[in-house]
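Trainee: First to last, the protein sequences are chains C and W. According to our numbering, the first sequence is numbered sequentially starting from 918. According to our numbering, the second sequence is numbered sequentially starting from 3. Structure provided below as structure tokens; questions to follow.
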Amino acid sequence: MTLAEPTYPDDLRYHDQHDWARIEGEVATFGITWYAQDSLGEVVFYDPPEVGGSVEKDATYAEVESVKAVSDVIAPMSGEIVEVNEALADAPERVNEDPYGDGWLVKVRLSDPGEAEQLLGAAEYRKLLENS
Amino acid sequence: MDFAGWEMPVQYEGIREEHAAVRTHAGMFDVSHMGEVEVEGPGALAFLQRVLSNDVARIEVGGAQYSCLCNEDGGVLDDLFAYRFGGDRYLVVTNSANHEADLAWLGRWSRQLGDVAVRDVADRYAMLAVQGPHARGIVAQALRIELPSRMRVAAVRVGGRPALACGTGYTGEDGVELLIDPEVAPAIWAELLDAGVVPCGLGARDTLRLEVCFHLHGNDLTPDRNPIEAGLGWCCSEGTGFIGAEAVLRARREGTEERLVPFKIEGAGIPREGNPVLSGEDRVGAVTSGTFSPSLEIGIGMAYVRAAVAEPGTEVEIDVRGKHRPARIASKPLYQPKG
Chain C
918 MTLAEPTYPD DLRYHDQHDW ARIEGEVATF GITWYAQDSL GEVVFYDPPE VGGSVEKDAT
978 YAEVESVKAV SDVIAPMSGE IVEVNEALAD APERVNEDPY GDGWLVKVRL SDPGEAEQLL
1038 GAAEYRKLLE NS
Chain W
3 MDFAGWEMPV QYEGIREEHA AVRTHAGMFD VSHMGEVEVE GPGALAFLQR VLSNDVARIE
63 VGGAQYSCLC NEDGGVLDDL FAYRFGGDRY LVVTNSANHE ADLAWLGRWS RQLGDVAVRD
123 VADRYAMLAV QGPHARGIVA QALRIELPSR MRVAAVRVGG RPALACGTGY TGEDGVELLI
183 DPEVAPAIWA ELLDAGVVPC GLGARDTLRL EVCFHLHGND LTPDRNPIEA GLGWCCSEGT
243 GFIGAEAVLR ARREGTEERL VPFKIEGAGI PREGNPVLSG EDRVGAVTSG TFSPSLEIGI
303 GMAYVRAAVA EPGTEVEIDV RGKHRPARIA SKPLYQPKG
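Structure (structure tokens):
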């Protein structure tokens, strides 16, 4: 049902709080990493922020909940929310099944694309997990 | 996850899958962390009648009964099952976190009342709870034993060793709890898995018990709460003169300021322990257990609330980390097992 093996695509940038950003020009898609969804367990609820709201790098912008626990989601970069994944309201398990695809959380118009440099590449993020 | 000094899995394959297995088929929990206390002697009945809230005289040989263990103020020290497996032999199954304190309490009262021996036999038993509509059939066939009916206990042999089979559980489903020799427990666990039962962790145990509104001591029951406000007046027989009976009787007659009630969230949101319960601007209570119900697919919980808002159907709000989630007080159980 879920991705059984840890997966960290090379085309993403990673935040050390287990969030990813897929940067496409001025807009980035955010989500949580394989490690985050695996630690959390089956996601049963995603409380999305509002479109038009702003997110700030390193700050909480949403919550995902499994049966057992709630987890804050940290923004890897700053900007304005232009889209939220409404489909997760009916199918929050997509966060587990496809954390880098259908399980995306928000799309953000970046206010400072330069922040990307402070994020980790896939290899660095994997190393962080190994050392934690 | 560390639970009262025991290494316990929260889940094996996933809480929802395990939860569904118990509701529709058969799931198995290793609940060896539960404590066992043997109570034996000519004074056993008089002793248990004094320390347990229920009318212990009503347990026949081979019977089981749920009780509270109360302090002098009627506060609930623990909630537990007592099994009578001989004329003056009983087994009391404690919650692991309370086991040592229960033992000290029971020991103290046994010395005072006399003619009764209280023995810690927790090391003598591993405990496997096999629960679900198919649990009984699978266990009987796989272990080739005759199982007691619901709320009964039987001496059986499991893995060639003496064991107890109890027709009790913590999920609302039919099933059995097996008290077996720890040495044979791993082999029996494996044998039951081969027979098709699904291994379940603490996570599913919590969602299952909360759907049927079974109390969790430490959350829904504490020494600061009496059985009446906890909705456990049905297992208290004040006429027996148990420790705390006077306080319990007073609470029953006069009513309590707060009551433990189940509730359902209406719409989105998952309540958690500690969330405030609101009625308009007023804080009227607090959540003691909350989770996502895999059967109902909504947030559910139990909360101590002011008596004025305790009636089923009452609309309240749960403050889930700053978001006010509409909820409605419900009646027990929140989910009716189909078994």
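All C-beta atoms, glycine included, are put in the ideal place defined by N, C-alpha and C. Bear in mind the structure is a predicted one, so any value in this text is a computation, not a measurement.
Assuming S98/W contacts M30/W under a Cβ cut-off of 8 Å, what Cβ separation, rounded to an integer in Å, is found between them?
Mentor: Not confirmed; about 18 Å, so no contact.
Trainee: Cα separation between E9/W and E967/C?
Mentor: For E9/W and E967/C, the distance between alpha carbons rounds to 41 Å.
Trainee: Hey, quick one: how far does the alpha helix (DSSP H) through L957/C stretch, first residue to last?
Mentor: Looking at the DSSP string, the run of the alpha helix (DSSP H) that includes L957/C is 951 to 957.
Trainee: Could you give the first and the last residue of the continuous alpha helix (DSSP H) run that contains V53/W?
Mentor: Where V53/W is concerned, the enclosing alpha helix (DSSP H) stretches over 46 to 53.
Trainee: Looking at G315/W and R1/W, is the spacing between their C-beta atoms short of 8 Å?
Mentor: Lying outside 3 to 341, the shown extent of chain W, residue 1/W is not represented and no answer is given.
Trainee: Going along the chain, which residues of its own chain have a beta-carbon closer than 7 Å to the beta-carbon of D226/W, five neighbours each way excluded?
Mentor: Closer than 7 Å at Cβ, skipping near neighbours: G77.
Trainee: What is the rounded straight-line gap between the Cα of P11/W and the Cα of D1029/C?
Mentor: Cα to Cα, the separation comes out at about 43 Å.
Trainee: Quick one: list the residues of chain W neighbouring F962/C, beta-carbon separation under 9 Å, in chain order.
Mentor: Going along chain W in sequence order, the residues near F962/C (Cβ under 9 Å) are A270, G271, I272, F294, G301.
Trainee: Which stretch, first to last residue, makes up the alpha helix (DSSP H) that contains I190/W?
Mentor: From DSSP, the alpha helix (DSSP H) with I190/W extends over 187 to 196.
Trainee: Which runs of the beta strand (DSSP E) fall wholly inside the region 145 to 222 of chain W and span at least 3 residues, in chain order?
Mentor: Counting whole runs of 3 or more residues, the region 145 to 222 of chain W contains the beta strand (DSSP E) stretches 155 to 160, 163 to 168, 177 to 182, 200 to 202.
Trainee: With 8 Å as the threshold, decide whether the Cβ of R18/W is near any Cβ in chain C.
Mentor: Yes, contact with chain C.
Trainee: Taking C-beta pairs closer than 9 Å, name the residues in chain W that V968/C reaches, listed in chain order.
Mentor: Going along chain W, no residue has its Cβ under 9 Å from V968/C, so there is no contact; the nearest lies around 17 Å.
Trainee: Is any beta-carbon of chain W found at less than 8 Å from that of E922/C?
Mentor: With 8 Å as the cut-off, E922/C does not count as an interface residue toward chain W.
Trainee: Report yes if the CB atom of A23/W is closer than 8 Å to the CB atom of C202/W, and no otherwise.
Mentor: Taking 8 Å as the Cβ cut-off, A23/W and C202/W qualify as a contacting pair.
Trainee: Cα-Cα, which of L1027/C, S988/C, G1020/C is closest to E997/C?
Mentor: Nearest C-alpha to E997/C: L1027/C.
Trainee: Would you mind telling me which residues of chain C sit closer than 7 Å to G205/W, beta carbon to beta carbon, in chain order?
Mentor: By Cβ distance, chain C contributes V984, K985.
Trainee: Which residues in the same chain have their Cβ closer than 6 Å to the Cβ of E42/W, if we skip the five residues on either side of it in sequence?
Mentor: Result list for E42/W: R91, A119, in chain order.
Trainee: Where does P328/W fall in DSSP's three states?
Mentor: P328/W falls in the strand class under three-state DSSP.
Trainee: Report, in whole angstroms, the separation of the C-beta atoms of L79/W and V94/W, which I expect to be a contact under 8 Å.
Mentor: Rounded, the Cβ-Cβ distance is 12 Å, inconsistent with contact.
Trainee: Look at T96/W and Q133/W and say whether their C-beta atoms are less than 8 Å apart.
Mentor: Cβ distance not < 8 Å, so T96/W and Q133/W don't count as in contact.
Trainee: For the putative contact between A979/C and V987/C, defined by C-beta atoms under 8 Å, what is the C-beta separation to the nearest angstrom?
Mentor: Incorrect: roughly 11 Å between the Cβ atoms, too far for contact.
Trainee: For the structure I just gave you, are there three or more beta carbon pairs, one from the region 61 to 72 of chain W and one from the region 240 to 252 of chain W, closer than 8 Å?
Mentor: Touching, yes, given that three or more Cβ pairs across the two stretches are closer than 8 Å.
Trainee: Just list the alpha helix (DSSP H) runs in the region 942 to 996 of chain C, keeping only unbroken ones of 4 residues or longer that don't cross its boundaries, in chain order.
Mentor: Listed in chain order, they are 951 to 957.
Trainee: Quick check: V961/C and V984/C, are their CB atoms within less than 8 Å of each other?
Mentor: Going by C-beta atoms, V961/C is nearer than 8 Å to V984/C.
Trainee: So the candidates are A288/W, G169/W, S151/W, V141/W; which of them puts its Cα closest to the Cα of V160/W?
Mentor: Residue V141/W is the option with its Cα nearest to V160/W.
Trainee: What are the start and end residues of the beta strand (DSSP E) that includes E20/W?
Mentor: Here E20/W belongs to no beta strand (DSSP E); instead the alpha helix (DSSP H) covers 17 to 26.
Trainee: Between E231/W, T293/W, T224/W, P339/W, which has its C-alpha nearest E256/W's C-alpha?
Mentor: The residue with the shortest Cα to Cα distance from E256/W is E231/W.
Trainee: Count the other C-beta atoms from every protein chain shown that fall within 10 angstroms of the C-beta of S295/W, then say buried if there are 16 or more, exposed otherwise.
Mentor: The residue is buried, with at least 16 neighbouring Cβ atoms inside 10 Å.
Trainee: For R930/C, does the count of other Cβ atoms within 10 angstroms reach 16, so buried, or fall short, so exposed?
Mentor: Label assigned to R930/C: buried.
Trainee: What's the C-alpha gap between P188/W and V199/W?
Mentor: About 14 Å.
Trainee: 8 Å is my cut-off, CB to CB: does G1020/C come that close to chain W?
Mentor: Output row for G1020/C: interface = no.
Trainee: With R154/W and A59/W assumed to form a contact (beta carbons below 8 Å), what rounded beta-carbon distance in angstroms separates them?
Mentor: The Cβ separation is near 17 Å, so there is no contact.
Trainee: Determine, for E959/C, whether the minimum Cβ-Cβ distance to residues of chain W falls below 8 Å.
Mentor: By this cut-off, E959/C is an interface position.
Trainee: State the DSSP-derived secondary structure class of G29/W, mapped to helix, strand or coil.
Mentor: Here G29/W sits in strand by DSSP.
Trainee: Kindly indicate if chain C contains any beta-carbon less than 8 Å away from that of T96/W.
Mentor: Closer than 8 Å: no.
Trainee: Taking just the CA atoms, how far does E260/W sit from E275/W?
Mentor: Approximately 17 Å, taken between the alpha carbons.
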